[in-house]
Each structure stands twice: as structure tokens, then as C-alpha cells.
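**Student:**
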Amino acid sequence: MAVARRRSLVDELFDDFAGRIRSGRLTPGERLPTEKVLAQELAVSRTVVREAVARLTAHGLTVPKQGSGVFVADSPRYEAFQVTPEELSALEDVMKLLEMRVAIEAEMAALAAERRGSADIEALYVHLMAMSPDTPTVDETVDADVAFHRALARATGNQYFERFIDFLGLRLVPPRKVYLAGRDEVAHRDYLRGIWKEHEAIYNAVEKGDPEAAGLAARLHMTLSLERHAERLKR
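Numbering (my numbering), first residue to last: -9 to 225.
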């Protein structure tokens, strides 16, 4: 079953920079502007920039260097694992990708509960509080949601989990503005409250160092996310 899909800001930013790299306007070894600078110059959120840059890296076009920034790859030709816009236009493919994420996030949360340090707990708590149902705008809760999952990935001590979350970003999460369109304030807050409680359960399990509970909480959250996504796409 095919569904209509409007090109996102991430798609546009990725295509722009991929075109610059492949045309030689951005040369091998050249450093990209920082996430903050790009967000300001392009008038987009830092989440959009982060997703687009992660996709460039997944395509082998850029290389992140710890503490130095992101650079154009020396030989920007290698095509790594990727999820194309075309794949996300078919409901069946979207659901398969979400199934994959359910399994990965469950294991990620379990490992985070085993390995997390005090700094990880603090970061998760900050992002959880930023997702409060009382937060003024939907965009703020979305940014906090992505940051929460990145912090969870970081708590595993395995950089590949963090890179995976950076790559997927919001690509497989139902856009809240679309989901909430036409709904009243009560429905809006009830929806955000449900999302928040799912994340609170993950946080509590990780904070207690309970891998089994953390894995179950993350699996439930992602399964419910999958169901919300399916509901939106079937409308």
C-alpha cells in the first residue's frame, strides 16, 4: 500500500549538501559548519541539521571526527546502510523498519540500565523533564524526545547505538503536529502525557539499574509508537 509523502526539511538539506559534495563545491577534507551555525543560517532546528548530517555520514559522504566536527569524506563514494525516501513511501516498508527499531531500542535500554553512569542519569532526567505535557510547543517536546533517545544510546557506552539513533532520528516517529492536527487542547495534552509516561517508565528502570524492566519499557514504548504510526498512515 503506497502513501503520499511530502519531502521533509531533512530531505531537502541532505540533497543540498550531497549535491555540493558530489559536484565538488564542498571538497574532500573540508569541514562543515557547526550544527548551531547551520541551524541559524538555514532557519531550521538543530534536530533537522543533525538528521541530515547523520544521513550524509551514513551515505559515506561525510566523516565525523570526535572533538573536531564533521568533514567531507576523502573518497565520498561509499554507500552504507541507508533508508531512502522511496522506502518510506510504502506503509509495509515503514512498518518493517519500525519493527527493527523496536528490537534495537529494547536491547539498547537494557544495556543502558547495566552501564549507565551518574551523568547519563542526569541527562536522561533533563530531557524527560523537557518532554513535560505542559511544555508550550510540540517542537520542544519532539527535540527533547530525540535527545532522550540519544542520551539512552550514549549510556550504553556503544557508539554504534548512538550513530544508529542519529541516523534514524525522527524519520520513523509519527510527526506530532500531523497526528494532533484538528484535535482540541485536551486531546493534545492527553497525547503528550501518554508519551511522557512511556519515557518515564524507561527512565525509572534505567535509573534503578534494572535491565529487564528497561528493555520491557522501551519495547512497549516503541510498539505503541509503531501502532500510532500505523494509525496515522491509515487515515
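A virtual CB, placed ideally from N, CA and C, is assigned to each residue, including glycine.
Jot down the residue ranges of each uninterrupted alpha helix (DSSP H) in the segment 174 to 206, minimum 4 residues, whole runs only, in chain order.
**Tutor:** 175 to 198
**Student:** Whose C-beta lies closer than 6 Å to the C-beta of Val60 among residues of the same chain, with five residues either side of it excluded?
**Tutor:** Leu22, Val43, Thr52, Pro54
**Student:** Give the straight-line distance between the Cα atoms of Arg209 and Arg91, rounded to the nearest whole angstrom.
**Tutor:** Their Cα atoms are separated by approximately 9 Å.
**Student:** Kindly give me the distance between the Cβ atoms of Ala233 and Leu46, rounded to whole angstroms, as I take these residues to be in contact under 8 Å.
**Tutor:** One cannot answer for residue 233 here, as it falls past the ends of the chain, which runs -9 to 225.
**Student:** Exposed or buried, Ala100, counting other C-beta atoms within 10 Å across all chains shown (16 or more means buried)?
**Tutor:** Per the 10 Å Cβ criterion, buried.
**Student:** Cα separation between Arg36 and Lys26?
**Tutor:** 6 Å
**Student:** State the beta-bridge partners of Lys55 as determined by DSSP.
**Tutor:** Gly59
**Student:** Go through its chain and collect everything with a Cβ distance to Glu268's Cβ below 6 Å, but skip five positions before and after it.
**Tutor:** In the structure as shown, the chain starts at -9 and stops at 225, and residue 268 therefore has no counterpart that could be examined.
**Student:** Which value, in whole angstroms, describes the spacing of the CA atoms of Thr213 and Gly205?
**Tutor:** 12 Å
**Student:** Could you pull out every residue in the same chain whose Cβ sits closer than 6 Å to the Cβ of Ala145, ignoring the five residues on either side in sequence?
**Tutor:** Within its own chain, the residues whose Cβ lies closer than 6 Å to the Cβ of Ala145, once the five positions on either side in sequence are excluded, are Ala102, Arg106, Asp110, listed in chain order.
**Student:** Suppose you measure from the CA of Tyr68 to the CA of Thr24; what does that come to, to the nearest Å?
**Tutor:** Reliability fails at Tyr68, whose pLDDT of 46 lies under 50, so the model's placement of it is uncertain and the value that follows must be treated cautiously. C-alpha separation (whole angstroms): 23 Å.
**Student:** Does the beta-carbon distance from Val62 to Pro123 come in below 8 Å?
**Tutor:** no
**Student:** Using only alpha-carbon positions, find the residue among Met121, Phe151, Asp133, Phe138 that is nearest to Ala113.
**Tutor:** Closest option to Ala113, Cα to Cα, is Phe138.
**Student:** Taking the Cβ atom as the reference point for each residue, do His211 and Glu188 lie within a distance shorter than 8 Å?
**Tutor:** yes
**Student:** For a test of the three-state rule: what should DSSP assign to Arg21, helix, strand or coil?
**Tutor:** strand
**Student:** Suppose the cutoff is 6 Å on Cβ atoms and the five residues either side in sequence are ignored; what does the same chain contact list for Val39 look like?
**Tutor:** Around Val39: Glu25, Leu28, Ala29.
**Student:** Pull up the distance between the alpha-carbon of Asp135 and that of Arg15, whole angstroms please.
**Tutor:** Roughly 35 Å between the two C-alpha positions.
**Student:** Thinking C-alpha only, which one of Ser65, Gly57, Ser58, Gln56 is nearest His49?
**Tutor:** Taking only the C-alpha atoms, the option nearest His49 is Ser65.
**Student:** Between the beta-carbon of Leu118 and the beta-carbon of Glu190, is there less than 8 Å?
**Tutor:** yes
**Student:** Measuring CB to CB, does Val0 end up less than 8 Å from Glu31?
**Tutor:** no
**Student:** The alpha helix (DSSP H) that contains Ser65, what's its start and end?
**Tutor:** Taken as a continuous stretch (DSSP letters only), Ser65 belongs to no alpha helix (DSSP H), as it is neither H nor E.
**Student:** Applying the 10 Å Cβ sphere with the 16-neighbour rule, what's the burial state of Ser215?
**Tutor:** Ser215 comes out buried.
**Student:** Give me the Cα-Cα distance between Gln56 and Ile11, rounded to the nearest whole angstrom.
**Tutor:** 21 Å
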